[in-house]
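Following this note's numbering, the numbering of the sequence shown begins with 55 at its first residue and continues without gaps.
Take a look at the structure set out below.
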Amino acid sequence: MDDYFVNKNAQSNGDHEVHKSGCNWMPHYKIALGPHLGCYSAVLAARTHYPQSNGCAFCSPLCHTS
Ligand SMILES: [Zn+2]
């Protein structure tokens, strides 16, 4: 399991990106989502904080939609 985080700051398109521990693009202001088996459940957890959450294109490409 990996620890996941969601960015407190939205991207320009309104998305709050979800990152896996160790990602080079980990934001400074973030909410810990706890350990998850994969990005899918992590994004679901992020959506309890921010309905418009999306996987990071670099660390969670399977959950990234553009
Ligand atoms: Zn990332």
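Every residue gets a Cβ at the ideal spot worked out from N, C-alpha and C, and that includes glycine.
Residue i: CB within 7 angstroms of a non-hydrogen atom of ligand 1
i	result
Lys-74	yes
Ser-114	yes
Cys-110	yes
Cys-77	yes
According to DSSP, residues forming a beta bridge with residue i
i	result
Asp-56	His-90
His-73	Phe-59
Ser-107	His-70
Buried versus exposed call for residue i [16 or more other C-beta atoms within 10 Å across all chains shown]
i	result
His-70	buried
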